[in-house]
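**Q** With the first letter of the sequence shown counted as 1, position 50 gets the number 971 in this note's numbering; the numbers rise by one all the way through.
Every residue gets a Cβ at the ideal spot worked out from N, C-alpha and C, and that includes glycine.
Keep in mind that this is a model prediction, so the values were computed, not measured.
Pasting a structure here, questions to come.
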Amino acid sequence: MSANLDAIIEILNGIKDELTNLISLGKNTEKTDSRLSSQTTNLNKAIHTSEISEKDKTMLEKFALTLQEGTTVKSLRYEKQDLERILANLND
């Protein structure tokens, strides 16, 4: 695994932890939590500087875009499921 991919996976794991935290709090917000927003920004930077495949970049960019939209507990659960699929795809 390349250093670029390792950094992306580390950011994704941080996002996963934050999603889990927000879901457990039952937090309904119209805007994402500031830590989640910061991690999404870091993810976007890592995506654009990485040497991963275009397919993986597209997948990650779409995921990052959905995180920037308004969130509810229900949508956070969907995001977490999507994230778990993304991590599985990247680790293959």
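Residues in its own chain within less than 8 Å of Thr-941 by CB, not counting five upstream and five downstream?
**A** Closer than 8 Å at Cβ, skipping near neighbours: Lys-1001.
**Q** Going by Cα to Cα distance, which pick from Leu-943, Lys-978, Gln-989, Thr-979 is closest to Ser-959?
**A** Among Leu-943, Lys-978, Gln-989, Thr-979, the Cα nearest to that of Ser-959 belongs to Gln-989.
**Q** Are Leu-997 and Leu-943 touching if we call contact CB-CB under 7 Å?
**A** Yes.
**Q** Here's the rule I'm using: 16 or more other beta-carbon atoms within 10 Å means buried, otherwise exposed. How should Ala-967 be labelled?
**A** By the neighbour-count rule (16 or more Cβ atoms within 10 Å), Ala-967 is buried.
**Q** Tell me where the alpha helix (DSSP H) around Glu-990 begins and ends.
**A** It is not in any alpha helix (DSSP H) - Glu-990 carries neither H nor E in the DSSP assignment.
**Q** Output the distance between the C-alpha atoms of Tyr-999 and Asn-1012, rounded to the nearest integer angstrom.
**A** Going from the Cα of Tyr-999 to the Cα of Asn-1012 covers about 20 Å.
**Q** Going along the chain, which residues of its own chain have a beta-carbon closer than 6 Å to the beta-carbon of Asn-965, five neighbours each way excluded?
**A** Same-chain partners within the cutoff: Ala-985.
**Q** Would you give the residue range spanned by the alpha helix (DSSP H) that Ile-973 belongs to?
**A** Looking at the DSSP string, Ile-973 is not in any alpha helix (DSSP H), and its letter there is neither H nor E.
**Q** Is Ile-973 closer than 7 Å to Leu-926 when the C-beta atoms are compared?
**A** Against a cut-off of 7 Å, the Cβ pair of Ile-973 and Leu-926 comes out as a contact.
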